[in-house]
Amino acid sequence: MSGNLYETDFYAWAMEQAALLRAGKLSAADIDNIAEEIESMGKTEKRELISRLKVLLMHLLKWQFQPAGRCVSWQLTIKEQRREVADHLSDNPSLKSRLPDSMANAYAVAIIAAARETSIAEETFPAECPWSFEQIMDGAFWPDQH
Numbered sequence: 000m001s002g003n004l005y006e007t008d009f010y011a012w013a014m015e016q017a018a019l020l021r022a023g024k025l026s027a028a029d030i031d032n033i034a035e036e037i038e039s040m041g042k043t044e045k046r047e048l049i050s051r052l053k054v055l056l057m058h059l060l061k062w063q064f065q066p067a068g069r070c071v072s073w074q075l076t077i078k079e080q081r082r083e084v085a086d087h088l089s090d091n092p093s094l095k096s097r098l099p100d101s102m103a104n105a106y107a108v109a110i111i112a113a114a115r116e117t118s119i120a121e122e123t124f125p126a127e128c129p130w131s132f133e134q135i136m137d138g139a140f141w142p143d144q145h
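As structure tokens, this is what we get:
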């Protein structure tokens, strides 16, 4: 029944599985689907980190490459995302080991987003992220056009 419920009523399945686990009835639990859902939750946390980094990097690119557009809104978004990234890593410290790949993935998308929002050609932006994670998280760091 649990396998079928997993496909037809996820909420009911989840409540059933939680009750089985709390009761210590592991042999009755839908272990394969529970494991799949736990893995999915981990992937969601990684995607959240990449998403926050993308927004932060996009605004830092806009700040550097479109200085005439600098405004309080951009500044506050940068501050907000720095805090959100820090909070997310505090809640998920093992994601720190994924920072190099996460930064690279986020930066690739940040270039596209910055180009879309500024109408600056993608090729104008550096192909690889010009800043370290420590720099982008430093509240005193504000990139300037070279």
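Positions 0 to 145 (numbering that gives the first Met the number 0) are the ones given, in order, by the sequence shown. Glycine included, each C-beta is placed from N, C-alpha and C at the ideal position.
Roughly how far, in whole angstroms, is the beta-carbon of residue i from the beta-carbon of residue j, given that I think they are within contact range, below 8 Å?
| i | j | result |
| --- | --- | --- |
| T7 | F64 | Not confirmed; about 51 Å, so no contact. |
| L48 | L94 | 5 Å |
| E121 | I110 | 6 Å |
| L20 | A11 | In fact, because the Cβ distance is near 15 Å, the residues do not count as touching under 8 Å. |
| L60 | A113 | 4 Å |
| R97 | K45 | 6 Å |
In whole angstroms, give me the CA-to-CA distance for residue i and residue j.
| i | j | result |
| --- | --- | --- |
| H58 | D90 | 24 Å |
| A139 | E38 | 37 Å |
| S26 | S50 | 38 Å |
| W73 | W62 | 8 Å |
| A105 | E15 | 37 Å |
| P66 | A18 | 56 Å |
| T76 | E83 | 10 Å |
| P92 | K42 | 14 Å |
| A107 | E127 | 8 Å |
| C70 | T117 | 14 Å |
| D31 | S101 | 28 Å |
| P142 | H87 | 24 Å |
| I33 | E133 | 36 Å |
Secondary structure at residue i, three-state DSSP: helix, strand or coil?
| i | result |
| --- | --- |
| R81 | helix |
| F132 | helix |
| D100 | helix |
| W141 | coil |
| A22 | coil |
| E116 | helix |
| A126 | coil |
* At what residue ranges does the stretch 29-100 contain a whole run of the alpha helix (DSSP H), taking only runs of 4 or more? -> If we require 4 residues or more, the alpha helix (DSSP H) runs fully inside the stretch 29-100 come out as 30-64, 71-90.
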